[in-house]
Amino acid sequence: MSAHRLVILSGPSGVGKSPLEKALARIYPDLSSRLRKLVLFNSRAPRPGERDGVDYHFRPREVLKAFEGDARYAVLDVRGDLQALDLPALEDALRHSDVFFEGNPFVGRLLQTHPSLAAVPRVSVFLSPLSREEILFLKAPERRVSLPELVTDVMRRKLLRRTRKQKGELSLADLQNIEKRAASAWRELQDACHFEWVIPNHDGEDSENWDAFYYPLGDARKALEAFVAILEGRPGPGAEKWENGLLE
Numbered sequence: 154m155s156a157h158r159l160v161i162l163s164g165p166s167g168v169g170k171s172p173l174e175k176a177l178a179r180i181y182p183d184l185s186s187r188l189r190k191l192v193l194f195n196s197r198a199p200r201p202g203e204r205d206g207v208d209y210h211f212r213p214r215e216v217l218k219a220f221e222g223d224a225r226y227a228v229l230d231v232r233g234d235l236q237a238l239d240l241p242a243l244e245d246a247l248r249h250s251d252v253f254f255e256g257n258p259f260v261g262r263l264l265q266t267h268p269s270l271a272a273v274p275r276v277s278v279f280l281s282p283l284s285r286e287e288i289l290f291l292k293a294p295e296r297r298v299s300l301p302e303l304v305t306d307v308m309r310r311k312l313l314r315r316t317r318k319q320k321g322e323l324s325l326a327d328l329q330n331i332e333k334r335a336a337s338a339w340r341e342l343q344d345a346c347h348f349e350w351v352i353p354n355h356d357g358e359d360s361e362n363w364d365a366f367y368y369p370l371g372d373a374r375k376a377l378e379a380f381v382a383i384l385e386g387r388p389g390p391g392a393e394k395w396e397n398g399l400l401e
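With my numbering, you'll find the sequence shown wraps up at 401, consecutive numbering, no jumps.
Written as C-alpha cells, this is what we have:
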C-alpha cells in the first residue's frame with residue numbers, strides 16, 4: 154500500500170468545513186494542490202454553486218441504491234440522503250497522491266474503520282462548534298443546560314443563515330432540511346473523540362470571517378492555521394484531543 158495519506162476533515166453540517174477547504178486553497182495553494190479531493194456519489198440535489206463531479210457525483214437515489222451489495226462501493230444513509238464511496242477509485246488515487254475528504258462524520262468514520270483502508274496512513278480532524286472547555290463548563294449540573302438542545306440550536310442558527318445567504322427566501326423543504334441537519338449535529342459531535350484532532354470553530358459557513366476579506370479573521374483564521382499545522386505534521390495551535398465520554 155502507498156504511503157500517501159488519507160486526510161479526513163469532518164464535522165456537523167454548517168460548521169465551516171467547506172469554507173476551510175476554500176481558504177486552504179486560497180491562502181496555502183501549494184499545500185492544497187498536494188491533496189486530491191475525494192468525490193463521493195450523492196442522491197441529493199446540488200446546492201447553489203455546487204458542481205457535478207467536483208463537489209459530488211450527483212445521481213438519482215435509485216442509482217445509489219443499486220450500489221448496495223456491490224463490494225466496490227460503500228453506501229451510507231446520511232441524514233436521509235444516500236452517499237456512496239467508490240473504494241477502488243479511492244485506493245487508486247492513494248497510489249498517486251494524498252487524498253482529502255471534506256464532509257460529514259458518517260463518511261468520516263467509515264474512512265477510519267473500513268477494512269480495505271486499514272493499512273492507509275490517515276490524518277483525521279473534526280471541526281466542532283464548541284470547544285472542550287465550553288462543553289465542560291456547560292455540562293456542569295449547576296448550569297442546567299441541555300447540551301443536545303444547545304448544539305441543535307447553535308447549528309440551526311448557522312444553517313438558517315447559511316441557507317438564506319445561498320438562496321434568499323427559504324421554502325418549507327429548506328426549513329425541514331435545516332431542522333434535520335441541526336437535529337443530527339449532537340449525534341455527530343459525539344463521534345469527535347474518535348478523530349485524531351478536534352478544532353473548535355465558532356465561525357460556521359454563515360460567517361463572513363471566511364471570505365469578506367482576503368485573509369480569514371477570528372476563529373476562521375485560527376481554524377485554518379490549526380489545520381495547516383496538522384497537515385504539516387505539527388500540533389495545531391488550539392487543536393484539542395477529546396476523550397471518550399466527554400459528551401455523556
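Note that CB positions come from ideal geometry on N, CA and C, so glycine has one too.
With 16 other Cβ atoms within 10 Å as the buried cut-off, status of residue i
{"i": "ASP372", "result": "buried"}
{"i": "TYR209", "result": "buried"}
{"i": "GLU110", "result": "Any property of residue 110 remains undetermined from this structure, which presents the chain solely from 154 to 401."}
{"i": "SER360", "result": "buried"}
{"i": "GLN265", "result": "buried"}
{"i": "ASN397", "result": "exposed"}
{"i": "ALA246", "result": "buried"}
{"i": "ASP239", "result": "buried"}
{"i": "LEU384", "result": "buried"}
{"i": "LEU325", "result": "exposed"}
{"i": "GLY389", "result": "buried"}
For residue j and residue i, the rounded distance between their alpha carbons
{"i": "PHE290", "j": "PRO241", "result": "45 Å"}
{"i": "LEU235", "j": "ALA335", "result": "18 Å"}
{"i": "ARG187", "j": "SER269", "result": "23 Å"}
{"i": "GLU255", "j": "GLU295", "result": "37 Å"}
{"i": "PRO199", "j": "ASP205", "result": "8 Å"}
{"i": "LEU193", "j": "GLU302", "result": "31 Å"}
{"i": "ASN354", "j": "LEU323", "result": "26 Å"}
{"i": "PRO165", "j": "GLU341", "result": "6 Å"}
{"i": "LYS311", "j": "LEU177", "result": "21 Å"}
{"i": "LYS394", "j": "CYS346", "result": "7 Å"}
{"i": "ASN195", "j": "VAL298", "result": "36 Å"}
{"i": "LEU217", "j": "GLY386", "result": "36 Å"}
{"i": "GLN329", "j": "ASP306", "result": "14 Å"}
{"i": "GLU174", "j": "ASP364", "result": "12 Å"}
{"i": "ASP183", "j": "GLU203", "result": "23 Å"}
{"i": "ARG275", "j": "LEU400", "result": "24 Å"}
{"i": "ASP223", "j": "LYS292", "result": "43 Å"}
{"i": "VAL207", "j": "TYR367", "result": "23 Å"}
8 Å contact criterion, which residue i and residue j should meet: CB distance rounded
{"i": "ILE352", "j": "ALA392", "result": "5 Å"}
{"i": "ARG317", "j": "ASP251", "result": "With 8 Å as the limit, ARG317 and ASP251 do not qualify as a contact, their Cβ atoms being about 35 Å apart."}
{"i": "MET308", "j": "ALA338", "result": "4 Å"}
{"i": "GLY321", "j": "ILE161", "result": "Wrong, their Cβ atoms sit about 33 Å apart, outside the cutoff."}
{"i": "VAL304", "j": "PHE348", "result": "With 8 Å as the limit, VAL304 and PHE348 do not qualify as a contact, their Cβ atoms being about 17 Å apart."}
Close-in-space but distant-in-sequence residues of the same chain around residue i (CB under 6 Å, 5 per side omitted)
{"i": "VAL231", "result": "ASN257 and PHE259"}
{"i": "VAL168", "result": "LEU280, PRO282 and GLY357"}
{"i": "SER284", "result": "PRO353"}
{"i": "PHE253", "result": "VAL160, LEU188 and LYS190"}
{"i": "GLU286", "result": "none"}
{"i": "LEU327", "result": "Note that residue 327 corresponds to Asp in the displayed sequence, not to Leu. THR316."}
Nearest residue (CA-CA) to residue i, options the options
{"i": "TRP350", "options": "PRO165, ALA326, ALA379 and SER299", "result": "ALA379"}
{"i": "PRO172", "options": "GLU396, ARG315, GLY321 and PRO388", "result": "ARG315"}
{"i": "ARG189", "options": "GLU332, LEU323, GLU244 and HIS355", "result": "GLU244"}
{"i": "SER163", "options": "ASP183, ASP344 and LEU328", "result": "ASP344"}
{"i": "ARG212", "options": "LEU328, ARG197 and GLY389", "result": "ARG197"}
{"i": "LYS170", "options": "LEU399, LEU377 and ARG387", "result": "LEU377"}
{"i": "HIS249", "options": "SER185, GLU286 and ALA156", "result": "ALA156"}
{"i": "GLN319", "options": "PHE366, PRO201 and ASP327", "result": "PRO201"}
Sequence-distant residues of the same chain with beta carbon closer than 8 Å to residue i, five excluded per side
{"i": "GLY233", "result": "LYS333"}
{"i": "ALA227", "result": "ALA237, LEU238, LEU240, LEU263 and HIS267"}
{"i": "ASN362", "result": "ASP356, PRO369, LEU370, GLY371, ASP372, ALA373 and ARG374"}
{"i": "ARG225", "result": "ASP239, LEU240 and PRO241"}
{"i": "PHE220", "result": "PHE194, TYR226, VAL228 and ALA237"}
{"i": "LEU300", "result": "ILE288, LEU291, LYS292, TRP339 and LEU400"}
Cut-off 7 Å between Cβ atoms - residues of its own chain near residue i, not counting five sequence neighbours on either side
{"i": "TYR181", "result": "VAL381"}
{"i": "LEU121", "result": "Here the chain comprises residues numbered 154 to 401, so residue 121 is not present and cannot be evaluated."}
{"i": "SER185", "result": "LEU177 and ALA178"}
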